[in-house]
RNA sequence: CGAGGUGUAGCGAAGGUGGUAUCGCGCAUCGUUCGGGACGAUGAGAUCGCAGGUUCGAGUCCUGUCACUUCGACCA
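Residue numbers (the working numbering): 56 to 537.
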């Protein structure tokens, strides 16, 4: 019986080491996060997965409001002519647009693009509501779906339709807009660390990797367990490029006409993929407590015996009073089944309560990260649970830090770079001359290693570009991405 | 878009040479269990991805098509 224990527990989930991609898909399905739909690349986000998204939304939305932003809703259809107003923008998005050509029974006079992002619609609106410097800044955000016709899709990481938030702001001065761009990247960074338990690298995208139409793109790049990067969120400074293309002007304090300066920033349901791949293990998902739909699950043992369910309910009420998200599973599944079930779903802490515990005045607490049983006094359960939730968060951060550090290699020379790209999955820190041809070449010879960003805290690794040997301008973090 | 793989019950699979579909899990009911995915009994559940074709007869052979998936290319 005991000999089969470990084997049985991993039976339904492919081991990460055997096949990481399959492991990921297994976790998505077994943790009941999402299901495939009848439309390619479109997924059904199931209640448990959506609850994670709701928690993410709640946390982020509070941060957006606190920094002065207002939520709005823009239409999902964009007239084709509108999208075409900014040249770089349309070139960037045209290949992946879904287009509506028929309304009801009639062919439309103008085709409608299903929004891949909403800069253009916001701009059209900004043109109407911005007249004076008194109308600035405009600090808008929306929580919506967008569609990008991706060729290769994967649940959460890359789907044809996905949910996200897109912040769009307009400012009187360049300084103010640049400040906003970095402020929101900072919000993302803080959220990743404190809510998702993911310490991530932040920095600036190279010219080649910038958003279509942006002057600067800043990014947050979390690393997954297997060393692959994920573009975890972006914040763009647009300058007045869109404002000029859309003829958005305002009268300044000196009664002269100016173009406002613009930003946009977004994170998506892709973050759920990041949580899975940054924290999960062979037993399934591990959720950071801050966004876990269930922070603690109570498993009653021998629940038919007198007093067990009563005690379990009492504990549930006490913990809920502390603001903890609790589920009591009193279904008639076996306890062993329940243990496995909630481990697959990544519930941070489990509480077991049975006749023996009630007699001794204890209960059993098990964290999803250590999976060791701890006997704690029922009297002090609130404090012990709080402590364990904090432990899970801290442990996840620590593990992710170690993973990031272990899977980051410095390369001073071309040979070192190739060796790292070939043999050491993860990030490579290396110097760069600033020429996009070197980016192309490195990507080519390594089969996919691209520049992630120029981090804010650059290190000096060498004097010359790792690729061409010309004087280096920046240190770049390189890596493969999802 | 290129190369491969897979579509049979909710899930996973078996179904040489054509003869009317089988198993495991899950599900339902009842009983016994309950501290790491319990056990027994009974039962429900499938127009074999879809559309054509060959044939007396197609899950099986042929043609087309769709979806999913892996790896690449592409992608902010």
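Backbone N, C-alpha and C define an ideal beta-carbon position, used for all residues, glycine too. Remember, it's a predicted structure, so these values are computed and weren't measured experimentally.
C-alpha gap between residue i and residue j, whole angstroms
i	j	result
residue 433	residue 453	29 Å
residue 348	residue 133	35 Å
residue 462	residue 282	6 Å
residue 88	residue 456	26 Å
residue 179	residue 262	27 Å
residue 69	residue 444	27 Å
residue 502	residue 496	10 Å
residue 331	residue 112	17 Å
residue 500	residue 77	27 Å
residue 311	residue 171	35 Å
residue 237	residue 474	34 Å
residue 130	residue 458	42 Å
residue 405	residue 173	43 Å
residue 73	residue 337	10 Å
residue 274	residue 412	50 Å
residue 409	residue 416	10 Å
residue 519	residue 242	34 Å
residue 157	residue 138	18 Å
residue 116	residue 470	46 Å
residue 143	residue 169	18 Å
residue 343	residue 119	21 Å
residue 200	residue 218	4 Å
residue 152	residue 450	41 Å
Coarse secondary structure for residue i, derived from DSSP in three states
i	result
residue 321	strand
residue 144	helix
residue 415	helix
residue 542	Because the chain spans 56 through 537 in this model, residue 542 falls outside it and cannot be assessed.
residue 198	strand
residue 516	coil
residue 193	strand
residue 78	helix
residue 133	strand
residue 346	helix
residue 434	helix
residue 88	coil
residue 332	helix
residue 539	With the chain covering 56 to 537 only, the question about residue 539 has no answer from this structure.
residue 64	The pLDDT assigned to residue 64 is 38, lower than 50, so where the model puts this residue is not dependable; a value taken from the coordinates is nonetheless given after this. It is helical.
residue 71	coil
residue 372	helix
Residues that DSSP places opposite residue i in a beta bridge
i	result
residue 508	532
residue 428	421
residue 355	408
residue 392	DSSP, once it has assigned bridges, lists no residue as partnering residue 392.
residue 382	352
residue 303	Paired residue(s): none; residue 303 is not in a bridge.
residue 312	306
residue 220	198, 322
Start and end residues, alpha helix (DSSP H) containing residue i
i	result
residue 111	102-121
N-terminal and C-terminal residue of the beta strand (DSSP E) that residue i is part of
i	result
residue 266	It is not in any beta strand (DSSP E) - residue 266 carries neither H nor E in the DSSP assignment.
residue 484	482-487
residue 162	161-169
residue 293	288-294
residue 259	256-259
Quiz prompt | contact_flag[the segment 211-221, the segment 229-240] where n(CB pairs < 8 Å) is 3 or more | solution = Under the 8 Å Cβ criterion, the segment 211-221 does not count as touching the segment 229-240, having fewer than three qualifying pairs.
Quiz item: Touch check for the segment 299-315 and the segment 249-265: three-plus C-beta pairs under 8 Å?
Solution: no
Quiz item: Okay, do the segment 278-298 and the segment 375-388 touch, 3+ Cβ pairs below 8 Å being the bar?
Solution: no
Quiz item: Is the segment 191-202 touching the segment 236-253, taking contact as three or more C-beta pairs under 8 Å?
Solution: These segments do not touch.
Quiz item: Within the chosen definition, does the segment 416-431 reach the segment 102-118 through at least 3 CB pairs nearer than 8 Å?
Solution: Inter-segment contact for the segment 416-431 and the segment 102-118 is absent: fewer than three beta-carbon pairs are separated by less than 8 Å.
Exercise. Mind the definition here: the segment 382-399 touches the segment 478-492 only if three or more C-beta pairs lie below 8 Å; say whether that holds.
Key: Taking 8 Å as the limit for Cβ pairs, the verdict is that the segment 478-492 does not touch the segment 382-399.
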